[in-house]
Amino acid sequence: MEIKVSTEKLRSKIMPVLVVAQLLILAVINGQSTILSILPPPAQTEKAALPAAKIDFPTTPAGQKARLFWEAFLRSDTQEVKKFFESSLPAEKLKETPAEKRAEQLLNIRRQLGEISLQKLLSSGPFDVTLIVTNLSQEYFKLELDFKKSGNDLFLEKFTIDEAGPEDLAPPLSALTLPEAIQGFEQEIEKAAQDDRFSGVVLVAKDFQPIFFKPYGLASKEFEVPNQLDTRFNLGSINKIFTKVAIAQLVAKGQLTLDDKLGKLLPDYPNPEAKEKVTVRQLVNMTSGIGDFFGPEFRDTPKDMIRHNRDYLIFFASKPLAFEPGSREMYSNGGYVVLGEIISAVSKMDYYDYIKRNIFEPAGMKDSGWFQADVPVKNVAEGYTRQLEEEGQGEPEKHGDKQEQKGDKAQIGDKEKEGQPQAGTAKGRPAFDRQKQGWRKNIYTRPARGSAAGGGYATAEDLLKFAHALYGCKLLSEAWTNWIFTGIEPPLKDENGKNPERLKEQNQAISADSNEFYRKSLESSQKQEAFSDSKNDKELITEPAGREKSAAKSAPVETGRNTIDRSHWGIGIAGGAPGINAMLEMDGQTGYTVIVLANYDPPAARDIAQMIRRYLKAVKNGDTL
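Counting from 1 along the sequence shown, just add 940 to a position and that's the residue number in this note's numbering.
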């Protein structure tokens, strides 16, 4: 069973960067994670909680199981949630991860949602139930439960927590053709741009072939420079997946293991407890107890002094661990900064050079990198914010990076801990009044250069190339690519109980089928002149180049003793901070990839991506252009 958590406001899944972003989160309930994060405490405002709607659960077996789950989840009842898992999962799954641990993981997420109420229930079939809930901050989330029938039993196959928006409260769309869906979401994007709610680039692809690709708004308001198809945007926490892929590459090569202790890899790390206890796996999964780099020290440090990944260490590396490593999860930009230093130490290469040579270049990403903020770079979008920012500090407000807010405010006043915007001033300067001001350039929260936790730049086209290369196993073997998507690690031992260099052949080799699939698909992409050559800022692509689908796309792939079904591969990652919002979503089952890059505050990109997802969900199965 898979748990998928996502929120825009963590940064929020799944991260951070610069002023650190957030991310959507993929966590596998077996104790592993793809890009793991947890929801930050909700900002409790004076708003009253919405009353719970009177909702009748379906009388189907799935509906009744969903009712029992909801009652236990709402009360944070550990024993009842445990019973739910015991009755809803097959024995082999419970053997992998006991129900008690699963309940603990899930309720850790539940506590961070705060007080919640059920607003709507959706069910499109006998085996799926979706719950729309809200909290005191009037933020909406959807809880999706997918069941599978096996004999006379009904088992929980997947549970997802995702941010919800107004479109989730609207009635489902009627069945659409793909052209109708494209026309529908294009109209809504145009409306958002006209209302000045969105500025950026939108790319939608089917089987990695663009079917919609258009820019909106301005890259520079001062000079009236429009966003183009090749405009580079700050990715926020999306960069974390590059760091995770790099770690997997080094593990596959035998240069480190996920069980290696921090002290072995970074002997000079200033925290003795972290050196002794924290493992690479815990850093990747955000269970290390290492905190964030946001805080008073970061706020008061001139941002032009932060020019390298290692420059972020001074803000957190010497501080005590927040908890015993491995005991719980906590969103950690600091942990990914540490991973960046591990990559440098192990590979004997600068972090940025390693990512460029081993990820960007193999994927064909020619327009991506970590650029110096005070060095002119061609085709870079300026970030614009309406958020409250006081001089010298970069703490985002409600719709910004809440995880950053949590980290920054842990050491200051009680009201700030509660997420309340302060009416006071920095250095006596009057607070910014968002009601009287429009968009302004984000210059207060931006370090000179991003880190392994986030803050790099890329074009929408480059992100599509990355998703394609990752899915096609161009960057990793099937076994380690599967770890990126699902959190399931390749086996440590063979059938004889031996560990021949962590099954070196399995972990290093890229299968002929995978490589051929990637090659053919890439050739097809290159033939698509509109995508590869045209930079017309008004271009709409609706006719992808035809290609014969490779069997590797949908057929299970044999890897050692395992069979990996790529249709289960998917990823959802977000980055968000003042003037930054980026979304990357890829679904191996439907073949759709949605990329939205914005130079406005969250939820500018998030809302567009969710809306597009709603239209694509209504497309008739198998319908094409």
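Backbone N, C-alpha and C define an ideal beta-carbon position, used for all residues, glycine too.
Distance between residue j and residue i (C-alpha atoms, nearest Å)
i, j, result
"residue 1207", "residue 1215", "7 Å"
"residue 1256", "residue 1119", "50 Å"
"residue 1247", "residue 1126", "39 Å"
"residue 1015", "residue 1383", "43 Å"
"residue 1124", "residue 1540", "23 Å"
"residue 1390", "residue 1249", "7 Å"
"residue 1173", "residue 1524", "13 Å"
"residue 1239", "residue 1028", "47 Å"
"residue 1532", "residue 1217", "41 Å"
"residue 1051", "residue 1259", "25 Å"
"residue 1019", "residue 1212", "37 Å"
"residue 1370", "residue 1379", "At residue 1370 the pLDDT is 36, less than 50, meaning the model places this residue with poor confidence; the figure from the coordinates comes in the next sentence. Distance between the alpha carbons of residue 1370 and residue 1379: 18 Å."
"residue 1519", "residue 1387", "13 Å"
"residue 1392", "residue 1291", "8 Å"
"residue 1284", "residue 1294", "8 Å"
"residue 1429", "residue 1043", "22 Å"
"residue 1154", "residue 1045", "40 Å"
Nonlocal neighbours in the same chain, by C-beta distance under 7 Å from residue i, ignoring five residues either side
i, result
"residue 1165", "1158 and 1159"
"residue 1188", "1416, 1420, 1423 and 1424"
"residue 1268", "1048 and 1227"
"residue 1403", "1524 and 1535"
"residue 1203", "1209, 1215 and 1216"
"residue 1129", "1138, 1142, 1156 and 1548"
"residue 1552", "1125, 1144 and 1534"
"residue 1001", "1094"
6 Å Cβ shell around residue i - same chain, five flanking residues per side excluded
i, result
"residue 1220", "1198 and 1200"
"residue 1084", "1070 and 1100"
"residue 1434", "Because the pLDDT at residue 1434 is just 45, under 50, the model does not fix this residue reliably, and the value given afterwards should be weighed accordingly. Here the set comprises nothing."
"residue 1303", "1405, 1406 and 1409"
"residue 1528", "1506, 1507, 1509 and 1510"
"residue 1082", "1070, 1072, 1102, 1104 and 1108"
"residue 1400", "1141, 1143, 1535 and 1537"
"residue 1317", "1311"
"residue 1056", "1073 and 1075"
"residue 1477", "Reliability fails at residue 1477, whose pLDDT of 35 lies under 50, so the model's placement of it is uncertain and the value that follows must be treated cautiously. Excluding residues within five positions, the ones whose Cβ falls inside 6 Å are 1155, 1166 and 1168."
C-beta contact flag for residue i and residue j at 8 Å
i, j, result
"residue 1310", "residue 1396", "yes"
"residue 1279", "residue 1426", "no"
"residue 1558", "residue 1521", "no"
"residue 1034", "residue 1024", "no"
"residue 1266", "residue 1222", "yes"
"residue 1167", "residue 1140", "yes"
"residue 1512", "residue 1177", "no"
"residue 1205", "residue 1230", "no"
"residue 1115", "residue 1299", "no"
"residue 1398", "residue 1314", "no"
"residue 1196", "residue 1277", "no"
"residue 1161", "residue 1324", "yes"
"residue 1039", "residue 1026", "yes"
DSSP three-state assignment for residue i, whether helix, strand or coil
i, result
"residue 1504", "strand"
"residue 975", "Residue placement at residue 975 is poorly supported in this model, since its pLDDT is 30, which falls under 50; the coordinates still yield a value, given next. Here residue 975 sits in strand by DSSP."
"residue 1421", "helix"
"residue 1224", "helix"
"residue 1019", "helix"
"residue 1034", "helix"
"residue 1057", "strand"
"residue 1273", "helix"
"residue 1330", "Unreliable positioning characterises residue 1330 in this predicted model, as indicated by a pLDDT of 38, which lies under 50. The coordinate reading is nonetheless provided below. It is coil, neither helix nor strand."
"residue 1211", "coil"
"residue 1363", "Since pLDDT at residue 1363 reaches only 30, below the 50 mark, its modelled position is unreliable, and the value read off the structure follows with that caveat. Looking at residue 1363 - three-state DSSP - the assignment turns out to be coil, as it is neither helix nor strand."
"residue 1551", "helix"
"residue 1082", "strand"
"residue 1514", "strand"
"residue 1164", "coil"
"residue 1238", "helix"
"residue 1171", "coil"
"residue 1153", "strand"
"residue 1232", "coil"
Cβ shell of residue i (< 8 Å), same chain only, five flanking positions each side left out
i, result
"residue 1058", "992, 993, 995, 1010, 1014, 1071, 1072 and 1073"
"residue 997", "1003, 1004, 1006, 1007, 1010, 1061 and 1069"
"residue 999", "none"
"residue 1242", "none"
"residue 1270", "978, 1226, 1227, 1229, 1231, 1262 and 1263"
8 Å Cβ cutoff, residue i in contact with chain B
i, result
"residue 1384", "Of the protein chains in this structure there is only one, and it is not chain B."
Start-end ranges of the alpha helix (DSSP H) lying completely within the segment 1278-1333, minimum 4 residues: Qualifying alpha helix (DSSP H) stretches, in chain order: 1291-1295.
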